Every structure is written in structure tokens, then in C-alpha cells.
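Take a look at the structure set out below.
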Amino acid sequence: MRLTEVLNFVAVILVPVFAGPVQSPSLALPQTVSAHWAAVRKMFESSYKAYGKFAWGHDDLLPLSESYSDDRNSWGASICDAMTTMVSAHAFCMCTQCSPLGAQIDTLSVFETTIRYLGSLLSAYELSDKKYPELLDKARELLTNCENNDIPYGFLDFSTNTPVVQISNIAEAGTLTLEWATLSKYTGNDTYRALAENSAKHIASLPAPFPSLAIQGIDPQNGSFVGGQVAAVDSTIRHLLRYSTSRNNNTMNVTYHTSSHLACFHGGKWILGGKLFKNETIVNCGLALVDACINTYLSTVTDIGPETFAYISSGGNLPELTPQDLAFYNQHGFYITDANYDMRPEMLESNFYAWRATGDTKYLENAARVLHSFNRYLNTTGGAFAGIVDVNDVASETIDYVLPCSFWFSEVLKYLYLTFDDPEHISLDEYVFNTEAHPFKAPPAKNI
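Residues -19 to -1, 1 to 429 in mature numbering (1 follows the signal peptide of the UniProt record, and there is no 0) are what the sequence shown spells out, letter by letter.
What follows is the structure, encoded as C-alpha cells:
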């Protein structure tokens, strides 16, 4: 869960929406992108056909064993997550076979259910010009089972509407606003919007924790941080201090400069925020972050980025560098700490924002190289696509299981497709994407 997204959004919803345009006015697609556009569509069709053959109705496809996994309520998460990509790519007739409420389920995550199922149902309803009212009906029915607290519970027993996990956290409780407000818009029931906004505003009103100490969970029953602002962290801190003493080393007393593929979404969010607030300094910081993440892709032999990576620092390095790490660092400016690729979308997401915001064709070239690499290294004999163990090995083995792989349909392929598509189609000045890349229509921004 992306904590910084929650904090940024809480800050934004508390002020009027006065914003500048996001997309560059001089966007021009070269003719060569039509082949890339078609290649992404073909990749989607192949992936979805494999899912339909081996895992239809289940949450995720296991691409190597040609089987399935159910870890997102067993409601067909891949069908739901794929719907908005289908509409965005004009690839298929609208599919309404995503089946929330169609299967027995005991426990669900309110956060995951909101961003994935509720988000896809409402976004597909909008994108299809409201031609499929059953999508809205399912969304309405889905949310009637959520708790009416100012701070929603993180996990509910769906059949009894009682909390299974009593404690929530700010990432779960503060990332519901977009979807719940959209449901209010189309049902005329403002309760959903009010509940989600009250939750985000309540979080913003809580006293700030001490700097550098982790924010703890929130108790939905009273709306406060659990055990105060920083309780439960103290045991870990004491343990680290005492462990370093017992081992007579300072391993726990240095700062390690590490990052991950998951963190690569930051660039896109800085670009978006900078454009909305007409602050080019913020935009440029975002572009620098995008370039840094792209570098982790273009520095490997496969042109695919690793799961985690690190930088050499005077404070210490974790893990200790091998001679090979040092040689790689001297050539590329970072070294790999976890070489697998889990089919994550974050770099492509930020690259998409960079392209739409600047019109610099280098971002199209980045996406084209990644598309080529996906087809070369991730393709399986059954038509599906799978992650790989080592992005710096052209003969790397593929991975059978990715948790969850439905975001391959909703995020990876959508961001790739829209990068090569007409920029006026799902313009960033007219749409906003939720965490799972389901686009929602936004009203025209007010001028600053």
C-alpha cells in the first residue's frame, strides 16, 4: 500500500481544486508508434486468452503450471481488472462477468476490494457511456456491506458485516475517496462520499507522530492511532539498539541508500502534482525520478528492471558489495540487490505521466524497448506472460506465481497501451487514475 499517496491525497482534498493542465499542448505521436500500439493490444489478447483457457473465473493465472490462484476474494480479479483496459483499448465488447457477490467469501480487505473491484466496476461503467447498468448495480451492492464508521475497518466478514481485523491503518482508511465518491455521484446517495472523505479528513486532523518514527495503525472504534502516536515501535527500536550492543557492531547504526521497483511510482505522482499546482520544480524532480528508474531497466541485459537496487554511500552498503556489484555500479550508477521482475507496473506508470506531461519522445522509446523485452523474455508457450528470476540474465528462468498478476491487465498493459495511443484519448486533463489504474472522469479544473 502506498502511504505517500494517502498523505498527498489528504492534503489535496482539503483545499479547492485549482489546477493547471497536466498534458503538454504539443504532444505529437510519430507514425512508428502504431506498430507498438498494435503489439500491446496483441499482448493483451494473448494474455487474456491464456487466462480464459486456464483460469477463467478465478483471480489469477499461474502462467507456467497453467493453473490458477484465488487470493482476491475468488471473484475473478483478473476479469475485473481487465475490463477497463478492454474498453480503453477498444479491444473487446464490454465484459460484465466480473463476479463480486457471486461467490461465497468470508473475509475481504476493504482497501483491496475498493481499488480493484469497486474501481473497475465504476470505471468500466463510465468508460462504456453507462451502457451496462449491471456494473453500477454490482458496485452499489458491494459497498452496502462496508462498515459505516468514520474510520472503516480493514477487513470485514462479508456475510455478517462484522470486523475480522479490528485495526486499520491510514493507507487502508485514506484510499477510498475516489471510488466511494464516484458511487455517490451515480447513485445519488451521498453517504458513500461523506464516509470516505470524513475518514481522510479525520486522519489529517490527528496529531503528527514524532519525526522518523513509523505511523501505527488506527482503531476504527475511536479513530485514534493505536497505542498513541508511536507505541509498538519502541520495542523494535530498543531491540535494534540492544542487538547492536550484543553483537558489538554498528550494522544497525547506518543509513542504507536502497530503493525498489515499487517506489518508482513516485516520479509520476510528482509530475502530476507539479503540473496541477503549476510548480515546474516539482515536475522536474518527478522527471529526474522517472529517469533514475528507467536507468534500472536500460542498464540490464534484458532491458527490464530489478525488484530492488541500491547505491553506494559513505554511511554503509547493504548487502556488502561483491566485485561484480562494484563493477556494475561503476558503469550504471546503482547495483542490483534483488534481480527478479514481478511484472510490476510502476516504471511504466511514471513513464506514461512523463510522456503526457512533456511530449519528449524519449519516453515513447523507453516504452518501446520495454515492450520488445516483454515479448522476448516474458512470453510463455501457453500465450501468457510471466515474471523472470534474473533481469540481468538473458537465459533467466520465468516465475510461475506473481501476487497478484491481475495488475498485469489493469496497470502494465494499460499504461503501455495509453503511452502509444492518441493523447486525447483518456487525457490526463480529463481523467484521474486510481491505485489500480482504473480511470475516472474528472470535472474541468478551476484556473489558478
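Glycine included, each C-beta is placed from N, C-alpha and C at the ideal position. Since this is a predicted model, take the numbers as computed values, not measurements.
Shorter than 7 Å, the distance from the beta carbon of P420 to the closest heavy atom of the ligand ADP, or not?
This structure does not include the ligand ADP; it has no bound ligands of any sort.
According to DSSP, P420 sits in a beta bridge with which residue or residues?
Reading the sequence shown from its first residue, position 439 is the one you call residue 420. P420 is bridged to F414.
In chain order, what residues of the same chain lie with their CB nearer than 8 Å to the CB of R223, ignoring the 5 residues before and after it?
As a first step, residue 223 must be located in the sequence shown, where it is residue number 242. Because the pLDDT of R223 is 48, which lies under 50, any placement of that residue in the model is unreliable, and the question is left without a value.
Short check: CB of A365 to CB of S28, under 8 Å?
The residue you call residue 365 lines up with position 384 of the sequence shown. The residue you call residue 28 lines up with position 47 of the sequence shown. With contacts defined as CB atoms closer than 8 Å, A365 and S28 qualify as a contacting pair.
Please determine if the segment 5 to 15 and the segment 335 to 355 are in contact, where contact requires at least 3 C-beta pairs separated by less than 8 Å.
Flag = yes, the segment 5 to 15 and the segment 335 to 355 touch.
Just how far apart, CA to CA, sit P114 and E107?
Counted from its first residue, the sequence shown places residue 114 at position 133. Counted from its first residue, the sequence shown places residue 107 at position 126. Between the alpha carbons of P114 and E107 lies a distance of about 10 Å.
Give the secondary structure of S90 by DSSP, where H, G and I count as helix, E and B as strand, and everything else as coil.
Residue 90 sits at position 109 when you count from the first residue of the sequence shown. S90 falls in the strand class under three-state DSSP.
In chain order, what residues of the same chain lie with their CB nearer than 6 Å to the CB of S377, ignoring the 5 residues before and after it?
Mapped onto the sequence shown, residue 377 falls at position 396. Only I369, V370, D371 meet the Cβ criterion.
Buried or exposed: which applies to P304, given that a residue is buried once 16 or more other Cβ atoms fall within 10 Å of its Cβ?
Against the sequence shown, residue 304 aligns to sequence position 323. That one is exposed.
Beta-carbon gap between V351 and V282 smaller than 8 Å
Working through the sequence shown from its first residue, we reach residue 351 at position 370. Working through the sequence shown from its first residue, we reach residue 282 at position 301. Judged by their CB atoms, V351 and V282 are not nearer to each other than the 8 Å cut-off.
CA-to-CA distance, T172 to D272, given in whole angstroms:
One-based indexing of the sequence shown puts residue 272 at position 291. One-based indexing of the sequence shown puts residue 172 at position 191. As the crow flies, the alpha-carbon of D272 is around 42 Å from that of T172.
If we count Cβ pairs, one from each stretch, closer than 8 Å, do we get three or more for the segment 50 to 65 versus the segment 9 to 18?
Contact fails: fewer than three Cβ-Cβ distances are below 8 Å.
Segment limits, alpha helix (DSSP H) that includes S104
For this step, residue 104 is matched to residue 123 along the sequence shown. In this chain, the alpha helix (DSSP H) harbouring S104 covers 100 to 108.
Beta-carbon contacts of D51 that lie in its chain and below 8 Å, excluding the five residues immediately before and after:
Counted from its first residue, the sequence shown places residue 51 at position 70. Excluding positions up to five away in sequence, the list reads H39, D40, D41.
Within 10 angstroms of the Cβ of L399, are there 16 or more other Cβ atoms? Answer buried if so, exposed if not.
Position 418 of the sequence shown holds residue 399. Around the beta carbon of L399, 16 or more other beta carbons lie within 10 angstroms, which makes this residue buried.
Does the distance from the C-beta atom of A63 to that of F390 stay below 8 Å?
The residue labelled residue 63 in the question sits at position 82 within the sequence shown. The residue labelled residue 390 in the question sits at position 409 within the sequence shown. Judged by beta-carbon spacing, F390 lies within the 8 Å limit of A63, meaning their Cβ atoms are closer than that value.
Indicate the three-state DSSP secondary structure (helix, strand or coil) for L268 in the structure shown.
In the sequence shown, the residue the question calls residue 268 occupies position 287. In the three-state reduction of the DSSP assignment, L268 falls in the helix class.
Could you pull the start and end residues of the beta strand (DSSP E) that S48 belongs to?
As a working mapping, residue 48 is identified with position 67 in the sequence shown. First-last of the beta strand (DSSP E) with S48: 48 to 50.
Would you tell me roughly how many angstroms separate the C-alpha atoms of T239 and Y98, rounded to the nearest one?
Reading the sequence shown from its first residue, position 258 is the one you call residue 239. Reading the sequence shown from its first residue, position 117 is the one you call residue 98. Linking T239 to Y98 through their CA atoms gives a straight-line distance of about 33 Å.
Give me the Cα-Cα distance between P424 and A105, rounded to the nearest whole angstrom.
For this step, residue 424 is matched to residue 443 along the sequence shown. For this step, residue 105 is matched to residue 124 along the sequence shown. Rounded to whole angstroms, P424 to A105 spans 18 Å at the Cα level.
To the nearest angstrom, report how far apart E346 and M328 are at their CA atoms.
In the sequence shown, residue 346 corresponds to position 365, counting from 1. In the sequence shown, residue 328 corresponds to position 347, counting from 1. Counting only the Cα atoms, M328 lies some 14 Å from E346.
Could you tell me the alpha carbon to alpha carbon distance between Y310 and D319, rounded to whole angstroms?
Here the question's residue 310 lines up with position 329 in the sequence shown. Here the question's residue 319 lines up with position 338 in the sequence shown. Their backbone Cα atoms lie some 14 Å apart in a straight line.
If I follow the unbroken alpha helix (DSSP H) through Y29, where does it start and stop?
Counting from 1 along the sequence shown, the entry for residue 29 is found at position 48. Segment 14 to 35, the alpha helix (DSSP H) holding Y29.
Please report the residue range of the alpha helix (DSSP H) in which Y310 lies.
Here residue 310 refers to the residue found at position 329 of the sequence shown. Counting along the chain, the unbroken alpha helix (DSSP H) around Y310 starts and ends at 304 to 313.
How is the alpha helix (DSSP H) around L397 delimited, first residue to last?
Translated into positions along the sequence shown, residue 397 becomes position 416. Element bounds for L397: 394 to 401.
Determine the extent of the beta strand (DSSP E) in which S165 is found, giving its start and end residues.
As a position in the sequence shown, residue 165 is number 184, starting the count at 1. Per DSSP, S165 belongs to no beta strand (DSSP E); it is in the alpha helix (DSSP H), 158 to 168.
Quick one: measure Cβ to Cβ for V68 and F401, integer angstroms, because I've assumed they're closer than 8 Å.
Within the sequence shown, residue 68 is the residue found at index 87, counting from 1. Within the sequence shown, residue 401 is the residue found at index 420, counting from 1. Not a contact, Cβ separation roughly 17 Å.
Leaving aside the five residues before and after D410 along the sequence, list all residues of the same chain whose C-beta is less than 7 Å from its C-beta, in chain order.
Locating residue 410 in the sequence shown gives position 429, where the first residue counts as 1. Sequence-distant Cβ neighbours of D410 in its own chain, meaning closer than 7 Å and more than five residues away, are P2, V3, Q4.
Rounded straight-line distance, which links the Cα of E330 to that of N415
In the sequence shown, counting from the first residue as 1, residue 415 sits at position 434. In the sequence shown, counting from the first residue as 1, residue 330 sits at position 349. The straight-line gap from Cα to Cα measures roughly 12 Å.
For Y344, which residues in the same chain have their Cβ closer than 6 Å to its Cβ, ignoring the five residues on either side in sequence?
The residue you call residue 344 lines up with position 363 of the sequence shown. Residues N332, A335, W336 of the same chain have their beta carbon placed closer than 6 Å to that of Y344, with the five preceding and five following residues left out of the count.
Could you tell me the alpha carbon to alpha carbon distance between P420 and E392, rounded to whole angstroms?
For the purposes of this step, residue 420 is taken as residue 439 along the sequence shown, with counting starting at 1. For the purposes of this step, residue 392 is taken as residue 411 along the sequence shown, with counting starting at 1. If I take the Cα positions, the gap works out to 11 Å.
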